[in-house]
Amino acid sequence: MSPIDWMILCSTLLFIVGYGIWKTRGSQNVTDYVLGGKEANWATIGLSVMATQASAITFLSTPGQAYHDGMGFVQFYFGLPLAMVVIILVFIPLYDRLKVHTAYEFLENRFNANTRTLTAILFLIQRGLSAGITIFAPAIILSAVLGWPLRLLVVIIGGLVIVYTVSGGTKAVNVTQKQQMFVIMGGMFIAFYMIVSGLPADVSFSKALEIANQSGKLDVLDFSFDPSNRYTFWSGITGGFFLALSYFGTDQSQVQRYLSGKNKRESQLGLAFNAVFKIPMQFFILFVGVMVFVFYQFNESPIHFNPAARAAMEVAPHSEAFSSLSE
Numbered sequence: 023m024s025p026i027d028w029m030i031l032c033s034t035l036l037f038i039v040g041y042g043i044w045k046t047r048g049s050q051n052v053t054d055y056v057l058g059g060k061e062a063n064w065a066t067i068g069l070s071v072m073a074t075q076a077s078a079i080t081f082l083s084t085p086g087q088a089y090h091d092g093m094g095f096v097q098f099y100f101g102l103p104l105a106m107v108v109i110i111l112v113f114i115p116l117y118d119r120l121k122v123h124t125a126y127e128f129l130e131n132r133f134n135a136n137t138r139t140l141t142a143i144l145f146l147i148q149r150g151l152s153a154g155i156t157i158f159a160p161a162i163i164l165s166a167v168l169g170w171p172l173r174l175l176v177v178i179i180g181g182l183v184i185v186y187t188v189s190g191g192t193k194a195v196n197v198t199q200k201q202q203m204f205v206i207m208g209g210m211f212i213a214f215y216m217i218v219s220g221l222p223a224d225v226s227f228s229k230a231l232e233i234a235n236q237s238g239k240l241d242v243l244d245f246s247f248d249p250s251n252r253y254t255f256w257s258g259i260t261g262g263f264f265l266a267l268s269y270f271g272t273d274q275s276q277v278q279r280y281l282s283g284k285n286k287r288e289s290q291l292g293l294a295f296n297a298v299f300k301i302p303m304q305f306f307i308l309f310v311g312v313m314v315f316v317f318y319q320f321n322e323s324p325i326h327f328n329p330a331a332r333a334a335m336e337v338a339p340h341s342e343a344f345s346s347l348s349e
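In our numbering, the protein residues as written are 23 to 349.
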């Protein structure tokens, strides 16, 4: 990477970590640490909820989903706004009335401490496994870009996250995820611009859309009842609804975001923001993948996109076969 690339990378990481630590100094009690002092406004809640759900996996894998299957995957999110309405009208008033610190504290009030402990343990196991993949995905990208060992980058990324989350609690996560959303979405727009700019001079944006449409990549809606179709409008409305209801309504990684709101109204507005903008965000991310597909109709695609993997293949026992594929 060039010096300017290093400056951007290091300054972004240091700013996010430093900003999170600085904004959360002075936390005194459990409410400050777990609920961020109940100071979050609707915009912070909305962006934090979106950033939590849209991890590195979303921004790295979703364009690949569109590259292969097209825009139809966006139907998966059609049930989300309906789930948000239920959470806004039922879940948030319930949590607010009981003054709970976690979603699982409600289960203790409703049943007993053993139920709360069991669900909390299951959550930690699930989130631990998920966090491993969430850290591993960007580590692969940074390993390819920087040429550093993958294991070292996993430790560095995990360490940086631990520093500001442990020191600042929920408030640190909320305030830094706002910055992360701006950085990530800014990067997506830049990537989209570079992809379109990389098309041949005689291929306009409208021509690129025509190519994508003729290839079936712009087929968004499928109203069929064919069970063999992976994504349909009906599966998105039903399956997407119940998945979003369980995830945003009971998963502590999401519940904690809107429990930190100043009041019930701020929490509800934060989820309403997510209900309105989540589908357009996913639509754009998928559209970037469609443009990548069009880009590689005019540019040679590599056998493997990871330079480290290609380098390993070139010295492997079957390197001659790999070289013949690359020719």
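For glycine and all other residues, C-beta sits at the position ideal for the given N, C-alpha and C.
Let me confirm a value: residue i is counted as buried when at least 16 other C-beta atoms fall within 10 Å, else exposed. Which label applies?
i      : result
TRP64  : buried
MET93  : buried
MET29  : exposed
ILE307 : buried
ARG138 : buried
LYS239 : buried
MET216 : exposed
THR34  : exposed
PRO25  : exposed
LEU293 : buried
PHE133 : exposed
GLY311 : buried
ILE147 : exposed
PRO85  : buried
LEU358 : Here the chain comprises residues numbered 23 to 349, so residue 358 is not present and cannot be evaluated.
GLN236 : exposed
GLU322 : exposed
PHE204 : exposed
GLU288 : buried
PHE247 : exposed
ALA135 : exposed
GLY59  : buried
PHE227 : exposed
ALA234 : buried
PHE309 : buried
From the options, pick the residue whose C-alpha is nearest to that of residue i; which is it?
i      : options                        : result
THR74  : CYS32, LEU182, ARG149, ASP248  : ARG149
GLN393 : GLN87, SER24, SER70, MET106    : The question about residue 393 has no answer, for the chain in this structure spans 23 to 349.
ALA297 : THR66, VAL122, ARG279, ILE110  : ILE110
LYS300 : GLY68, LEU31, GLU61            : GLY68
LEU102 : ALA159, PHE264, THR80          : PHE264
SER189 : SER33, SER165, THR34, GLY40    : GLY40
GLU61  : PHE317, LYS284, PRO339         : LYS284
ALA230 : TRP44, SER33, TYR318           : TYR318
GLY295 : SER226, VAL314, MET72, GLY59   : This sequence places Phe at residue 295; Gly is not what is there. Of the candidates SER226, VAL314, MET72, GLY59, the one whose C-alpha sits nearest the C-alpha of PHE295 is MET72.
TYR89  : PRO339, SER323, GLU322, PHE315 : PHE315
ILE155 : ARG287, LEU82, SER282, ALA142  : LEU82
CYS32  : TRP44, ARG132, LEU164, ASP224  : LEU164
ASP27  : TRP44, ILE143, LEU168          : LEU168
GLY262 : PRO339, GLU342, MET106         : MET106
Would a C-beta distance cut-off of 7 Å place residue i and residue j closer than the cut-off?
i      : j      : result
PHE100 : ILE259 : yes
PHE145 : GLN274 : yes
VAL183 : ALA161 : no
TYR253 : PHE98  : yes
GLN12  : THR192 : Outside the displayed span of the chain (23 to 349) sits residue 12, for which this structure offers no information.
LEU243 : PHE255 : yes
VAL122 : PHE128 : yes
GLN304 : VAL108 : no
ASP118 : LYS286 : yes
ALA159 : ILE79  : yes
GLY180 : ILE157 : yes
PRO222 : PHE320 : yes
LEU104 : LEU281 : no
THR66  : ASN196 : yes
ALA76  : THR272 : no
Among all the DSSP beta bridges, which residues are the ones paired with residue i?
i     : result
ALA62 : GLY283
Chain D beta carbons: is any one of them nearer than 7 Å to that of residue i?
i      : result
LEU265 : Annotation note: the requested chain D is absent from the structure, which comprises a single protein chain.
Inside the segment 165-242 only - alpha helix (DSSP H) runs reaching at least 4 residues: 172-219, 227-236
Segments assigned alpha helix (DSSP H), at least 4 residues, entirely inside the segment 244-320: Fully enclosed alpha helix (DSSP H) runs of 4 or longer: 255-272, 274-281, 286-317.
Exercise for review: At 4 residues or longer, and completely inside the segment 98-162: list those alpha helix (DSSP H) runs for me, N to C.
Suggested key: Whole alpha helix (DSSP H) segments, 4+ residues: 102-108, 114-120, 125-132.
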